[in-house]
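Going line by line, the protein sequences match chains A and B.
Under numbering that gives the first Met the number 0, residues 0 to 187 are what the first sequence spells out, in order.
Under numbering that gives the first Met the number 0, residues 0 to 218 are what the second sequence spells out, in order.
By construction, the Cβ of each residue, glycine as well, lies at the ideal position given by its N, Cα and C atoms.
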Amino acid sequence: MELRVRALQTILVEKGYVEPAALDRMIEAYETKIGPHIGARVIAKAWADPAFKQSLLADATRAVGTLGRVGDHLVAVENTPQIHNMVVCTLCSCYPWDVLGLPPVWYKSFPYRSRAVKDPRSVLADFGVSLPASTQIRVWDSTAETRFLVVPMRPADTDGWSEEKLALLVTRDSMIGTGLPKKPTEVC
Amino acid sequence: MDGIHDMGGMDGFGKVTPEPNEPVFHQRWEALAMAMSRAMGASGTWNIDMGRYGIELLAPNVYLASSYYKRWFLRLEDMLLQHKLIDADDVAVGHALRPGLPLKRGRFIESDVDRVTTRGSFGRRERAPARFRPGDQVRARNIHPKTHTRLPRYVRGHVGTVERLHGCHVYPDSVVLGKGEDPQWLYTVCFEGRELWGPNAEPGLTVSIDAFEPYLEPA
């Protein structure tokens, strides 16, 4: 594949369609700038600031826009002891790139796309996650240009933590709904 | 189209295997395939829906046997050939044998990167009042368009509840046919697990999709 892809790059550059430096800059942006740390900052702020959480759940594009660059049409959904949210794109790979970066391979994989809407508890088990039987699972299939960000539950024993410290608890998978935030003992 | 890409509810693909500390790209060509796809997508020659349709048009055996970025690459090559931005003989020799065509938005340069790495908006002005409201019971229509649609098979014919209204958005089904954006109301519609998967569904499961208004009828 390396040779085929390089050959197409040569063709596109020679035809004057793309500037090689622009491709490098885009790759660098996804490797170093746009990633789950952006989402983690949003979640930590929502945990620390009830007014921000309210505005995040009401209009995530607008709320996240107060912190940095974000596109349309972001929707934040909140986990509670009663409801656990999980996000999938059964048709392709729709994912909130602006706040989580590029999706991991498993998110785009056939097992995840096929099973998440039908057997989410067994999918969670593949991640080592087990939820109480009383928790209802809500799966969001991203079938349009809406993008979903899960707001996980704030871990116990984090009273008085700063947003920066809270952000260390927020994992990428916890914002997709296939994981839970870290425990305070894991970051202290 | 009732294609291999529409995977919701299929069995047999095995376990999900998360990779600890996964890199953003596993190989350099994956990064290049992503960047070239995004750059050419930004040229305005085709829109995001046409690009998705391009992947769905890969033959099922090719789709299943190719990694994610390989599917992107194959789609990109197909789209470039289809729009005559490159020719088969360019690909055969690995060089441009003739100059490129003018692009709607010009050559992709460094200052375009910020625009491309922030999601655009597909929201559009409404042309008619919304037909449904949150709380309404609706049925996902039992339709099987031969071309691109965002209505997954596993909900067709099933009854759900309208939960949210997201405004009007570009209608993918129309765009891929070259019939323009034809903006439609977009709803989150929530289905009970048992409605979709029968009496043995996981207890307490609910699944939602985002459905354009033409996908729905009153139930």
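A:Gln8 classed as buried or exposed, judged by whether at least 16 other C-beta atoms fall within 10 angstroms: buried
For chain B, is any of its Cβ atoms less than 8 angstroms away from the one on A:Asp35? Before going on, a small fix: residue 35 of chain A reads as Pro here, not Asp. Output row for A:Pro35: interface = no.
Can you check DSSP and say which residues form a bridge with B:Gln136? B:Thr160
Answer yes or no: does any C-beta atom of chain A fall closer than 8 angstroms to that of B:Leu102? yes
Within 8 angstroms, do at least three Cβ pairs link the segment 36-55 of chain A to the segment 157-168 of chain A? yes
With B:Glu216 as the anchor, note down where its alpha helix (DSSP H) starts and where it stops. No alpha helix (DSSP H) contains B:Glu216, which is instead part of the beta strand (DSSP E) from Leu215 to Pro217.
Proximity to A:Gly15 [Cα-Cα], best of B:Gly43, B:Leu100 and B:Glu216: B:Leu100
Beta-carbon contacts of A:Val191 that lie in its chain and below 8 angstroms, excluding the five residues immediately before and after: Not covered by the structure: residue 191 of chain A. The range shown for chain A is 0 to 187.
State buried or exposed for A:Arg153, treating a residue as buried only when at least 16 other CB atoms are found within 10 Å of its CB. buried
Contact under 8 angstroms by Cβ, A:Ser113 with B:Gly2: no
Beta-carbon spacing of A:Val204, A:Leu11 below 8 angstroms: A query on residue 204 of chain A cannot be resolved here, the shown segment of chain A reaching from 0 to 187 and no further.
Strictly under 8 angstroms for the Cβ-Cβ distance: is A:Tyr94 near chain B by that measure? no
As a quick exercise: from A:Arg171, A:Thr177, A:Arg68 and A:Pro103, pick the residue whose alpha carbon is nearest that of B:Glu263. The question about residue 263 of chain B has no answer here: the residues shown for chain B are numbered 0 through 218.
Just the chain A side, please: which residues come within less than 8 angstroms of B:Phe211 by C-beta, in chain order? Ala143
List the DSSP bridge partners of B:Gln81. DSSP output for B:Gln81 lists no bridge partner at all.
Rounded straight-line distance, which links the Cα of A:Ile33 to that of A:Gly67: 11 angstroms
Tell me B:Thr205's beta-bridge partners as DSSP assigns them. A:Arg137 and B:Glu191
Could you check the C-alpha separation between B:His157 and A:Ser108 for me, to the nearest Å? 26 angstroms
Quick one: residues in its chain with C-beta nearer than 6 angstroms to the C-beta of B:Tyr62, no 5 flanking neighbours on either side, listed in chain order? Ile3
Please find out if some non-hydrogen atom of the ligand COA comes closer than 7 angstroms to the beta-carbon of A:Gly159. With respect to small molecules bound, the structure shown includes none, and the ligand COA cannot be examined in it.
From which residue to which residue does the beta strand (DSSP E) around A:Ala75 run? Leu73 to Glu77
At the 8 angstroms Cβ level, is A:Asp58 part of the contact set with chain B, yes or no? no
For the candidate residues A:Met85, A:Ala155, A:Asp125 and A:Arg137, whose alpha-carbon lies nearest to that of B:Pro19? A:Asp125
Leaving out five residues on either side along the sequence, give the residues of the same chain with a beta carbon under 7 angstroms from the beta carbon of A:Leu179. Val128, Pro151 and Ser173
Identify the continuous beta strand (DSSP E) that holds A:Leu188 and give its terminal residues. Chain A is shown only over 0 to 187; residue 188 of chain A falls outside these bounds and no answer can be derived.
Whole angstroms are fine: how far does the CA of B:Gly203 sit from the CA of A:Ala132? 9 angstroms
If I follow the unbroken alpha helix (DSSP H) through B:Val174, where does it start and stop? Pro171 to Val174
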